[in-house]
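Here is the structure we will look at.
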Amino acid sequence: MADYLVPEYLAFIAYSVLGIKTITNVHRREGNEMDMETSRLSLKAITTDMGKQLVRFPITFFYEQEISYVTDWPSNALKAELPLYLENLATGQTSFGFGPWIVHTKYEQEMVGDIFIRQTTPDAAQAELFFHIREEMAGKRYEEEAIVSICDWLLQQGVDIIHAFCKPQEAEKQQVLTRCGFHKLGQVDGLIQFRTYGHLLPADGL
0 MADYLVPEYL AFIAYSVLGI KTITNVHRRE GNEMDMETSR LSLKAITTDM GKQLVRFPIT
60 FFYEQEISYV TDWPSNALKA ELPLYLENLA TGQTSFGFGP WIVHTKYEQE MVGDIFIRQT
120 TPDAAQAELF FHIREEMAGK RYEEEAIVSI CDWLLQQGVD IIHAFCKPQE AEKQQVLTRC
180 GFHKLGQVDG LIQFRTYGHL LPADGL
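Pasting the structure below:
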């Protein structure tokens, strides 16, 4: 696993998402904060303080992050995962960045949704990916842009096998993962499992 004590500017990634040229800047900032920027989106890894605030004072969370307040986020799934994530982060059972990332538009500051990254064990070369996009933001290709950015970051951390999961009835999510270059493996514990290995999109985009 790559050392996390690195300069503020981590990476400069250029790729094409569905024919749209996308550039990702990845930053590690003071105060144990990490974020990414694409042409349209900002992604932020949830820190301990951010997670506690989101659980206890969600309205304050939106204000502090300078994101327009909405009532349909966080999702119930993220609410359920946050306490365990915070506990694992505090006890060193997970590394910062391997957990929830919030996704919002870069200029309008509108909440898009979240991506959750889970490692089965620390320093493992495999990770699991779950994502949730607000219904209002669906159909704008934000999902692809965010997923590709996260997966490129994972590859830089030495994670070259990424599994993604969604429910059988979530047809749009399955299409998103397929467009991103994931391959459907089948059903596991009631969820549809996808996998990608080594890279995500073809060099010339989709």
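Residue numbers (numbering that gives the first Met the number 0): 0 to 205.
Backbone N, C-alpha and C define an ideal beta-carbon position, used for all residues, glycine too.
Residue i: first and last residue of the uninterrupted beta strand (DSSP E) it sits in
i, result
"F193", "190-196"
For residue i, the first and last residue of its enclosing alpha helix (DSSP H)
i, result
"T177", "170-179"
"E80", "75-89"
"Y68", "Here Y68 belongs to no alpha helix (DSSP H), and DSSP marks it neither H nor E."
"S148", "141-155"
Helix, strand or coil at residue i [DSSP, three-state]
i, result
"V187", "strand"
"F60", "helix"
"K20", "Interpretation of K20 is limited by its pLDDT of 44, a score under 50 that renders its predicted location unreliable; the figure taken from the coordinates is listed afterwards. In the structure shown, K20 sits in a strand (DSSP, three-state: E or B)."
Residue-chain proximity (residue i, chain D), Cβ-Cβ < 8 Å
i, result
"A126", "No chain D appears in this structure, which consists of one protein chain only."
Whether residue i touches residue j by CB criterion (8 Å)
i, j, result
"A137", "E109", "no"
"L81", "V54", "yes"
"F193", "H182", "yes"
"T47", "L85", "yes"
"R133", "D188", "no"
"V175", "E143", "yes"
Bridge partners - residue i, DSSP secondary structure assignment
i, result
"M136", "Looking at the DSSP assignment, M136 forms no beta bridge with any residue, so it has no partner."
"W100", "A44, I114"
"Q125", "I160"
"F95", "None, per the DSSP bridge assignment."
Same chain, Cβ closer than 8 Å to residue i, five either side skipped, listed in chain order
i, result
"Y62", "Y68"
"L265", "Residue 265 lies beyond the residue range present for the chain, which begins at 0 and ends at 205; the question has no answer from this structure."
"Q52", "T59, F60, E63"
"V111", "L40, V102, H103, T104, I132, R133, M136, Y141, A145"
Same chain only: Cβ atoms within 6 Å of residue i, ignoring 5 sequence neighbours per side
i, result
"I160", "Q125, Y196"
Own chain partners of residue i with C-beta closer than 7 Å, once the 5 adjacent residues on each side are dropped
i, result
"P6", "Its pLDDT being 32, under 50, P6 is placed unreliably by the model, and the measurement read from it follows with that caveat. Hits under 7 Å: none found."
"K43", "D34, W100, I101"
"S148", "T23, M35, T37, L42"
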